[in-house]
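Read the structure below first, then the notes.
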Amino acid sequence: MTTLDLRGVYPAMTTPFNEDGSIDFEQLQSDTRRLEDAGVDGLVPVGSTGESATLTHDEHVEVVEAVVEAVEDVPVIAGSGSNSTREALELSRRSAEAGADALLLISPYYNKPEQSGLVEHYQTLADEVDLPQIVYNVPGRTGSNILPETAATLAEHPNIVGYKAASGDLGQISQVVEYTQDEDFAVLSGDDGLTLPVLSVGGVGTISVVANIEPARTGALVHSALQGDYERAREIHHELGPLCRHLFVETNPIPVKEAMEIRGYGPARLRPPLTRLTEPNVEEMRRILDDLAAEQAVSDGGSAE
Numbered sequence: 051m052t053t054l055d056l057r058g059v060y061p062a063m064t065t066p067f068n069e070d071g072s073i074d075f076e077q078l079q080s081d082t083r084r085l086e087d088a089g090v091d092g093l094v095p096v097g098s099t100g101e102s103a104t105l106t107h108d109e110h111v112e113v114v115e116a117v118v119e120a121v122e123d124v125p126v127i128a129g130s131g132s133n134s135t136r137e138a139l140e141l142s143r144r145s146a147e148a149g150a151d152a153l154l155l156i157s158p159y160y161n162k163p164e165q166s167g168l169v170e171h172y173q174t175l176a177d178e179v180d181l182p183q184i185v186y187n188v189p190g191r192t193g194s195n196i197l198p199e200t201a202a203t204l205a206e207h208p209n210i211v212g213y214k215a216a217s218g219d220l221g222q223i224s225q226v227v228e229y230t231q232d233e234d235f236a237v238l239s240g241d242d243g244l245t246l247p248v249l250s251v252g253g254v255g256t257i258s259v260v261a262n263i264e265p266a267r268t269g270a271l272v273h274s275a276l277q278g279d280y281e282r283a284r285e286i287h288h289e290l291g292p293l294c295r296h297l298f299v300e301t302n303p304i305p306v307k308e309a310m311e312i313r314g315y316g317p318a319r320l321r322p323p324l325t326r327l328t329e330p331n332v333e334e335m336r337r338i339l340d341d342l343a344a345e346q347a348v349s350d351g352g353s354a355e
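Its first residue numbered 51, the sequence shown is counted upward by one per residue in the working numbering.
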């Protein structure tokens with residue numbers, strides 16, 4: 051198995067669509083190059099932000115292939131989870147064949163397995179697919195919670211190398227770090243508003259929605275914290291705060307796609323049942339993005355002097 055350094059920023063990529071609802075691969079590859087050029091540490095296509103729930107399995111694999119083709123030298127971590135172990139295994143195998151460097155595996159959703167079922171699910175995938183794998187805990191979407199003790203059990207498997215923490219419970223996330231610190235295991239923030247706190251308790255990076263819009267700023271926040279410069283990291287954390295909050299004012303990825311359209315990164319098309327951001331929230335998004343651009347212009351001007 052290839053080793054993988056998970057320190058840093060990994061944008062949870064959106065999946066752009068054409069007017070007829072098909073995938074816009076040209077825009078997808080443009081996004082891939084833009085994010086890599088901005089200095090991100092890796093890319094995460096076909097996760098929740100990538101609308102994986104409305105992609106067919108073939109489309110899912112085609113997205114992974116397109117990102118792998120466009121990327122230069124950062125790892126591609128493909129979302130390949132499912133609420134069916136058999137289906138997750140098929141998607142994981144096909145993602146590996148498509149060139150993914152690692153896998154992000156959301157915990158089984160809706161059917162809400164017990165902790166023993168979660169262990170069996172993840173260990174089966176790790177036994178069968180020889181790629182680094184990241185366990186993804188997001189109880190708000192799945193209806194179940196991967197407990198710290200379960201994370202510690204999973205961390206013993208050599209192919210299970212990380213944990214994306216999106217529970218919103220910093221105490222629990224800290225426990226996961228505590229229980230796995232003797233393993234080669236990375237805890238990553240899965241909630242942009244908690245990235246800095248997660249880093250402060252021993253997390254090493256983030257799988258981030260806001261990094262689609264502000265990849266360089268997000269990278270500066272994470273790497274400043276990892277280098278011990280918490281004053282700079284806090285400054286950026288508060289700069290990004292309004293955007294981080296507004297990106298979840300409606301269901302993700304509705305707001306981030308709108309923000310990408312405002313920034314000129316392609317139309318904010320979504321697959322039903324998701325709908326466009328409501329107009330009052332669009333206006334607020336414009337204001338927030340304008341403020342960030344103005345702050346960046348002042349910062350760049352200061353640097354030039």
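Beta carbons are placed, not taken as given, at the ideal position from N, Cα and C, and that holds for glycine.
Just so we're clear, the structure is a prediction, and the values are computed from it rather than from any experiment.
Taking 7 Å as the limit between beta carbons, can you name the residues of its chain near residue i, skipping five residues before and five after?
i: K162; result: G193 and S194
i: D241; result: A216 and G218
i: D123; result: none
i: P125; result: L54, G92, D151 and A152
i: V429; result: Residue coverage of the chain in this structure runs from 51 to 355, which leaves residue 429 outside it and unanswerable.
Just how far apart, CA to CA, sit residue i and residue j?
i: S130; j: H171; result: 13 Å
i: E76; j: P303; result: 19 Å
i: A354; j: A347; result: Residue placement at A354 is flagged as unreliable, the pLDDT there being 42, under the threshold of 50; a coordinate-derived value is accordingly withheld.
i: Y315; j: V332; result: 16 Å
i: E69; j: D279; result: 45 Å
i: L78; j: V226; result: 34 Å
i: P330; j: T106; result: 33 Å
i: Q222; j: L244; result: 13 Å
i: V254; j: V248; result: 8 Å
i: V6; j: T82; result: Outside the displayed span of the chain (51 to 355) sits residue 6, for which this structure offers no information.
i: P198; j: G351; result: 46 Å
i: A138; j: H110; result: 12 Å
i: V169; j: I196; result: 9 Å
i: T65; j: I73; result: 7 Å
i: E112; j: L220; result: 36 Å
i: N209; j: T203; result: 12 Å
i: L290; j: S349; result: 14 Å
i: A62; j: G89; result: 15 Å
i: L2; j: P323; result: With the chain running from 51 to 355 in the structure shown, residue 2 is simply not present.
i: E281; j: E178; result: 44 Å
The alpha helix (DSSP H) that contains residue i, what's its start and end?
i: Y315; result: Careful: Y315 lies outside any alpha helix (DSSP H) and carries neither H nor E.
i: D221; result: Here the sequence assigns Gly to residue 221, which means Asp is not the residue at that position. Unbroken alpha helix (DSSP H) run through G221: L220 to T230.
i: T200; result: P198 to A205
i: L168; result: Q165 to E178
i: S80; result: F75 to D87
i: I156; result: Where I156 is concerned, there is no enclosing alpha helix (DSSP H), although the beta strand (DSSP E) it sits in stretches over A152 to I156.
i: L249; result: T245 to S250
i: V111; result: H107 to A120
Considering just the uninterrupted stretch of the beta strand (DSSP E) at residue i, what are its terminal residues?
i: V59; result: G58 to P61
i: A215; result: I210 to A215
i: T256; result: G255 to S258
i: A128; result: I127 to G129
i: S142; result: That residue, S142, is in no beta strand (DSSP E); its alpha helix (DSSP H) goes T135 to E147.
i: V185; result: Q183 to N187
i: A236; result: A236 to S239
Which same chain residues end up closer than 8 Å to residue i when comparing Cβ atoms and leaving out the 5 residues on each side of it in sequence?
i: M335; result: H296, P305, E308, A309, I312 and L327
i: L339; result: I263, L293, A309, I312 and R313
i: H287; result: T245, L246 and L271
i: A275; result: L246, L249, S250 and A283
i: A266; result: A88 and G89
i: T230; result: A201, A202, A205, Y213 and V237
Relative to the C-alpha of residue i, which candidate in the options has its C-alpha closest?
i: E264; options: T64, L85 and F67; result: L85
i: L155; options: D87, A344 and L141; result: L141
i: F298; options: D177, D340, T99 and G71; result: T99
i: V117; options: A150, I338 and P158; result: A150
i: S145; options: L175, Y160 and E122; result: L175
i: D91; options: L324, P292, H273 and E345; result: H273
i: H207; options: V188, G190 and D180; result: D180
i: I127; options: G97, L204, E281 and E233; result: G97
i: Y60; options: L271, L342 and S250; result: L271
i: E233; options: A261, A201 and L246; result: A201
i: A49; options: G58, T230, F67 and M63; result: For residue 49 there is no data in the structure shown, the boundaries of the chain being 51 and 355.
i: D108; options: G89, G71, G167 and A148; result: A148
i: E300; options: T325, T268 and T230; result: T325
i: P189; options: P95, E119, A205 and Y160; result: Y160
i: E119; options: P95, S132 and E101; result: P95
Among residues of its own chain, excluding the 5 on either side of residue i, which ones have a beta-carbon nearer than 6 Å to its beta-carbon?
i: K214; result: I184, Y186, L238, G240 and I257
i: T104; result: R321
i: A236; result: L56, G212 and V254
i: A344; result: none
i: T135; result: H171 and T174
So is residue i in contact with chain D if we call contact Cβ pairs under 8 Å?
i: G100; result: Going by chain labels, chain D is absent from the structure shown, which holds only one protein chain.
ask   = Enumerated in chain order, which unbroken segments of the alpha helix (DSSP H) with a length of 4 residues or greater are wholly contained in the stretch 270-313?
value = 280-296 and 304-312
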